[in-house]
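This report refers to the structure that appears directly beneath it.
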RNA sequence: GGCUCCUUAGUUCAACGGAUAGAAUGUGAGUUUCCGGAACUCAAGAUACAGGUUCGAUUCCUGUAGGGGCUACCA
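In the working numbering, the protein residues as written are 7 to 601.
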């Protein structure tokens with residue numbers, strides 16, 4: 007059993023013994039004291055002095071005395087005010103290492119039997135991915151891996167927003183100005199090529215509007231009257247009617263975009279189990295709305311538009327289909343949700359979508375409930391904060407959007423520069439060097455993003471390149487590479503056999519510190535999974551690497567004072583390396599054996 | 001305007017209602033011929049403001065100031 011769990015239960019037992027009073031064990035606070043503290047755990051005993059009707063010190067002391075009798079692994083305790091500090095025997099921790107060194111599945115939690123479907127990425131198919139998508143993808147991918155480690159079955163899905171007005175914009179611009187350009191002929195990545203036509207459309211539209219506004223029209227009027235706008239509406243109509251020429255154009259451009267996206271996914275090490283297309287799900291959504299209308303869950307206004315009344319929930323009235331019968335955003339989501347449930351019957355459906363859509367997902371869940379969908383309660387909006395620039399939000403109009411492919415290339419280049427400067431890579435082949443720089447560049451980028459609590463907005467400054475020192479991915483990767491180096495040397499010298507059981511009778515402070523951090527790995531996985539927070543794991547791994555580096559700086563390993571210390575420290579090192587490798591993997595980050 | 005989220009060192013991020021609010025970066029000063037110096041050590045530096053609840057508040061409640069988001073028959 008987990009120590010903190012044990013302490014909670016034994017504390018409840020002790021309080022009952024002492025004062026004949028029942029406290030629920032999950033209300034007992036067990037903390038981990040500050041890092042340089044000589045005690046392992048702290049029980050907050052202030053609340054018990056009300057029960058005992060004695061001073062906090064006295065109550066805490068009495069509790070400590072009883073716990074010493076109830077838990078044989080305890081070595082000592084100390085009562086400071088209402089804080090009960092507990093120290094476990096060195097032997098307890100040594101034994102923990104011995105068990106862990108032979109446990110290949112350390113940190114993999116038992117199966118929950120739950121099936122979880124997680125959606126992330128969700129791009130429009132009219133322009134390339136940007137930094138915002140990267141945060142989304144890194145969070146989505148990492149949470150998937152973390153939930154897997156926590157014992158769940160995971161289905162990772164993408165949703166392509168592949169139809170609608172915005173898609174027609176790039177199509178129309180290509181039709182007008184494209185001149186049969188292709189990714190091959192232009193040498194450009196498909197998503198970037200299509201994105202250029204999207205921008206081109208906006209420029210041309212702007213020009214038309216400016217002319218109209220010069221004639222005295224308001225901006226709003228100009229937008230309505232611009233010829234390009236009616237052409238867009240016409241194209242959308244043709245698309246909905248399935249007109250062959252438009253559909254072919256649509257297919258062609260979208261294929262280019264998908265190929266571009268795939269190339270990016272490959273570079274960042276991302277993959278999906280399935281992709282849904284809104285062009286497939288929106289019709290289904292319409293029939294969901296019709297069905298709800300028949301059942302009286304929704305209502306129709308005089309103009310023919312369909313609404314749901316959410317006044318009771320203080321969310322107002324929400325449009326579900328337009329007066330002309332066409333679908334809106336939420337219509338598609340209703341169809342998509344049904345299809346996913348049919349496909350997989352998941353216990354939970356997670357939507358990784360930015361917090362600007364908090365309202366939308368509240369409504370979606372509520373509407374699903376009103377429709378009595380069996381999956382309604384399992385809907386969870388994994389709402390994350392936007393990535394801001396120093397100037398504020400990224401804006402397409404102002405050209406401040408940070409392109410994903412460019413950023414990835416820059417990270418590789420920065421890594422290459424650092425690697426060359428440090429000059430530790432003599433024996434690397436060209437291929438290995440490229441691989442290493444990409445590993446480090448992606449490690450820096452992913453860690454930079456994932457170390458921040460997803461719920462919070464975060465800031466990215468394009469002027470300053472992402473750091474490789476301090477609280478970073480490369481810091482942890484370096485720690486791993488250095489451990490590998492030590493283990494290699496140990497193997498060369500004495501043929502160190504990890505399976506040999508470590509014998510040790512007492513611990514140095516730094517050893518104990520690392521060991522305790524190792525101990526907390528499984529509970530960190532569980533916490534990260536429950537809170538949907540890769541940042542919890544990222545922070546943990548950084549702390550582990552830091553603790554290890556302190557240990558490494560202070561105590562010799564290969565030249566340890568005796569054989570048992572040497573073997574023990576090698577065991578400890580290899581367990582830390584294992585956790586770093588597995589833990590970073592859950593963040594989507596690889597670790598190199600040399601760097 | 002209505003709803004909602006946020007405000008912690010110069011800067012970027014931490015802290016189940018618990019001890020002296022942690023890191024990183026930047027700044028200054030250092031690291032024994034020692035297993036990898038992308039590391040380690042030391043110093044200075046912060047809870048927007050005013051109340052309230054509590055043995056105890058960065059955390060919970062109320063108000064003020066400043067900022068973000070939503071408030072489309074866009075997605």
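Where is the CB? At the ideal position from N, CA and C, for every residue including glycine.
Checklist entry - Do you know offhand how far residue 61's Cα is from residue 22's? => result Here residue 61 is taken as the residue at index 55 of the first chain, counted from 1. Here residue 22 is taken as the residue at index 16 of the first chain, counted from 1. Straight-line Cα distance between these residues: approximately 18 Å.
Checklist entry - In chain order, what residues of the same chain have a beta carbon less than 6 Å from the beta carbon of residue 154, not counting five sequence neighbours either side? => result On the first chain, residue 154 is found 148 positions in, with the first residue counted as 1. The residues are 160.
Checklist entry - CB residue 625 to CB residue 312, shorter than 8 Å? => result With the chain covering 7 to 601 only, the question about residue 625 has no answer from this structure.
Item to check | Under 8 Å between C-beta atoms of residue 76 and residue 51 | outcome: The sequence position of residue 76 within the first chain is 70, counting from 1. The sequence position of residue 51 within the first chain is 45, counting from 1. Not a contact, by the Cβ cut-off of 8 Å.
Checklist entry - Where does residue 236 land, buried or exposed, given buried means 16+ other C-beta within 10 angstroms? => result Counted from its first residue, the first chain places residue 236 at position 230. With fewer than 16 Cβ atoms within 10 Å of its Cβ, residue 236 is classed as exposed.
Next on the checklist: If the criterion is Cβ atoms closer than 8 Å, does the pair residue 553 and residue 520 meet it?
Outcome noted: Working through the first chain from its first residue, we reach residue 553 at position 547. Working through the first chain from its first residue, we reach residue 520 at position 514. It is a contact, given that the beta carbons lie within the stated cut-off.
Checklist entry - With a Cβ-Cβ cutoff of 8 Å, do residue 403 and residue 384 count as a contact? => result Translated into the one-based positions of the first chain, residue 403 becomes position 397. Translated into the one-based positions of the first chain, residue 384 becomes position 378. No.
Item to check | DSSP bridge partner residues for residue 411 (one or two, in chain order) | outcome: As a first step, residue 411 must be located in the first chain, where it is residue number 405. None; residue 411 has no bridge partner.
Item to check | N-terminal and C-terminal residue of the alpha helix (DSSP H) that residue 349 is part of | outcome: Within the first chain, residue 349 is the residue found at index 343, counting from 1. 335 to 350 is the extent of the alpha helix (DSSP H) around residue 349.
Checklist entry - Are the CB atoms of residue 360 and residue 390 nearer to each other than 8 Å? => result Along the first chain, one-based indexing puts residue 360 at 354. Along the first chain, one-based indexing puts residue 390 at 384. Closer than 8 Å, so yes.
Checklist entry - Of the choices 467, 144 and 434, whose alpha-carbon is the least far from that of residue 407? => result Along the first chain, read from residue 1 onward, the residue named residue 407 stands at position 401. When each option's Cα is compared against that of residue 407, the closest is 467.
Next on the checklist: Measuring straight from C-alpha to C-alpha, what distance separates residue 241 and residue 229?
Outcome noted: Taking the first residue of the first chain as position 1, residue 241 is located at position 235. Taking the first residue of the first chain as position 1, residue 229 is located at position 223. Taking the straight line joining both Cα atoms gives about 17 Å.
Checklist entry - Exposed or buried, what is residue 483 when buried is set at 16 or more other beta-carbons lying within 10 Å of its beta-carbon? => result Counted from its first residue, the first chain places residue 483 at position 477. It is buried - the Cβ of residue 483 has at least 16 other Cβ atoms within 10 Å.
Next on the checklist: DSSP has residue 312 in a bridge; who is on the other side?
Outcome noted: Taking the first chain and counting its residues from 1, the one referred to as residue 312 is at position 306. Answer is 306 and 327.
Checklist entry - Whose CA, out of 109, 87, 41 and 129, lies closest to the CA of residue 263? => result Locating residue 263 in the first chain gives position 257, counting from the first residue. The option with the nearest alpha carbon to residue 263 is 129.
Checklist entry - Quick one: what does DSSP say residue 82 is sitting in, helix, strand or coil? => result Counted from its first residue, the first chain places residue 82 at position 76. Residue 82: strand per DSSP, three-state reduction.
Next on the checklist: Let me check understanding here. Comparing Cα to Cα, which of 514, 332, 54 and 205 lies closest to residue 247?
Outcome noted: Taking the first residue of the first chain as position 1, residue 247 is located at position 241. Comparing Cα positions, the closest option is 332.
Checklist entry - I think residue 234 touches residue 176, with their Cβ atoms under 8 Å apart; what is that distance to the nearest whole Å? => result As a working mapping, residue 234 is identified with position 228 in the first chain. As a working mapping, residue 176 is identified with position 170 in the first chain. At roughly 13 Å, the Cβ-Cβ gap does not stay under 8 Å, so residue 234 and residue 176 are not in contact.
Item to check | Cβ-Cβ distance between residue 589 and residue 147 below 8 Å | outcome: Along the first chain, read from residue 1 onward, the residue named residue 589 stands at position 583. Along the first chain, read from residue 1 onward, the residue named residue 147 stands at position 141. Against a cut-off of 8 Å, the Cβ pair of residue 147 and residue 589 comes out as no contact.
Checklist entry - Per DSSP, what kind of secondary structure is residue 381 in: helix, strand or coil? => result Within the first chain, the letter at position 375 stands for residue 381. Looking at residue 381 - three-state DSSP - the assignment turns out to be coil, as it is neither helix nor strand.
Next on the checklist: Measuring straight from C-alpha to C-alpha, what distance separates residue 24 and residue 538?
Outcome noted: As a working mapping, residue 24 is identified with position 18 in the first chain. As a working mapping, residue 538 is identified with position 532 in the first chain. Using only the alpha carbons, I get a separation of about 40 Å.
Next on the checklist: Which residue marks the beginning of the alpha helix (DSSP H) containing residue 297, and which one marks its end?
Outcome noted: Mapped onto the first chain, residue 297 falls at position 291. That run of the alpha helix (DSSP H) goes 284 to 300.
Checklist entry - Which word fits residue 43, buried or exposed, when buried means at least 16 other C-beta atoms lie within 10 angstroms of its C-beta? => result On the first chain, residue 43 is found 37 positions in, with the first residue counted as 1. Burial call: exposed.
Checklist entry - Expressed to the nearest angstrom, what Euclidean distance is found between the alpha-carbon atoms of residue 71 and residue 103? => result Position 65 of the first chain holds residue 71. Position 97 of the first chain holds residue 103. The straight-line gap from Cα to Cα measures roughly 28 Å.
Next on the checklist: Does residue 109 pass the burial test, meaning 16 or more other C-beta atoms within 10 Å, or should it be called exposed?
Outcome noted: Locating residue 109 in the first chain gives position 103, where the first residue counts as 1. Counting Cβ neighbours within 10 Å, residue 109 comes out exposed, since fewer than 16 surround it.
Item to check | Cross-strand partners of residue 320 (DSSP beta bridge) | outcome: As a working note, residue 320 is residue 314 in the first chain. Bridge partners of residue 320: none, in fact.
Item to check | Integer Cβ distance of residue 136 from residue 127, believed to fall under 8 Å | outcome: Taking the first chain and counting its residues from 1, one reaches residue 136 at position 130. Taking the first chain and counting its residues from 1, one reaches residue 127 at position 121. Residue 136 to residue 127, Cβ: 12 Å. No contact.
Checklist entry - What residue range is occupied by the uninterrupted alpha helix (DSSP H) comprising residue 197? => result As a working note, residue 197 is residue 191 in the first chain. From DSSP, the alpha helix (DSSP H) with residue 197 extends over 196 to 220.
Item to check | Anticipated Cβ contact below 8 Å, residue 8 with residue 45, distance rounded | outcome: Numbered from 1 along the first chain, position 2 holds the residue referred to as residue 8. Numbered from 1 along the first chain, position 39 holds the residue referred to as residue 45. Not quite, the Cβ-Cβ distance comes to about 18 Å (not below 8 Å), so this is no contact.
Item to check | Buried versus exposed, by CB contacts within 10 Å (16 or more), residue 266 | outcome: What you label residue 266 is simply residue 260 of the first chain in a count that begins at 1. Classification for residue 266: buried.
Item to check | Pairwise C-alpha distance: residue 413 and residue 269 | outcome: Working through the first chain from its first residue, we reach residue 269 at position 263. Working through the first chain from its first residue, we reach residue 413 at position 407. The alpha-carbon atoms of residue 269 and residue 413 are separated by roughly 14 Å.
Next on the checklist: Considering only their Cβ atoms, is the gap separating residue 489 from residue 583 smaller than 8 Å?
Outcome noted: Counted from its first residue, the first chain places residue 583 at position 577. Counted from its first residue, the first chain places residue 489 at position 483. Yes, the pair counts as a contact, with Cβ atoms nearer than the cut-off.
Checklist entry - Is it true that the CB of residue 362 sits closer than 8 Å to the CB of residue 392? => result Start at 1 with the first residue of the first chain, and residue 392 comes out as number 386. Start at 1 with the first residue of the first chain, and residue 362 comes out as number 356. Going by C-beta atoms, residue 392 is nearer than 8 Å to residue 362.
Item to check | Supposed contact pair residue 465 and residue 100 - C-beta distance, whole angstroms, cut 8 Å | outcome: The sequence position of residue 100 within the first chain is 94, counting from 1. The sequence position of residue 465 within the first chain is 459, counting from 1. Not really, about 44 Å apart at Cβ, beyond 8 Å.
Checklist entry - Where do the ends of the alpha helix (DSSP H) carrying residue 48 lie? => result As a first step, residue 48 is located in the first chain; it is residue number 42 there, counting from the start. Looking at the DSSP string, residue 48 is not in any alpha helix (DSSP H); the run it does join, the beta strand (DSSP E), is 47 to 50.
Item to check | C-beta contact flag for residue 66 and residue 35 at 8 Å | outcome: Your numbering for residue 66 matches position 60 in the first chain. Your numbering for residue 35 matches position 29 in the first chain. Their beta carbons are not under 8 Å apart, which means residue 66 does not touch residue 35 by this criterion.
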